[in-house]
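Numbering (the numbering used here), first residue to last: 410 to 513.
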């Protein structure tokens with residue numbers, strides 16, 4: 410009995426007669442990093458911190474929170490500004506520090 414209702418258009422030239430006795434184990438890949446597991450790091454391209462995977466391998470600084478990263482970033486670069494990019498809540502562009510609008 411044919412296992413399919415429709416035969417394949419181009420059958421294999423030399424089909425196997427029996428299944429392989431010891432098939433190879435599929436390679437396993439690690440699960441993607443969850444948002445909770447992501448570390449924050451300096452991101453010079455946005456003048457601040459991000460939790461993306463593009464961490465400089467020579468940069469050993471990684472932080473558990475955006476607040477921790479920005480605190481060190483601001484002290485290290487002697488600035489009051491720390492832009493951020495959250496890969497888990499992406500926006501079209503990095504968010505700038507909040508500003509207070511002027512009264513109208």
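Just so you know, even glycine gets a beta-carbon here, dropped at the ideal spot from N, CA and C.
Would you say the beta carbon of residue i is closer than 7 Å to some non-hydrogen atom of the ligand ADP?
i, result
"residue 457", "Among the components modelled here there is no ligand, and therefore nothing to report on the ligand ADP."
What is the DSSP secondary structure of residue i, reduced to helix, strand or coil?
i, result
"residue 508", "Because residue 508 carries a pLDDT of 49, less than 50, the predicted location of this residue cannot be relied on, and no value is offered for it."
"residue 491", "coil"
"residue 444", "helix"
Taking C-beta to C-beta, are residue i and residue j nearer than 8 Å?
i, j, result
"residue 482", "residue 451", "yes"
"residue 497", "residue 479", "no"
"residue 471", "residue 448", "yes"
Use the C-beta contact count for residue i: other C-beta atoms within 10 angstroms, 16 or more gives buried, fewer gives exposed.
i, result
"residue 459", "buried"
In terms of residues, what are the limits of the alpha helix (DSSP H) holding residue i?
i, result
"residue 479", "475–485"
Taking the continuous beta strand (DSSP E) assigned at residue i, which residues delimit it?
i, result
"residue 458", "457–459"
"residue 472", "Run containing residue 472: none; DSSP gives neither H nor E here."
"residue 452", "450–452"
Taking the alpha carbon of residue i as the point to measure from, which residue in the options has its own alpha carbon closest?
i, options, result
"residue 443", "419, 462, 422 and 421", "462"
"residue 474", "457, 418, 489 and 441", "457"
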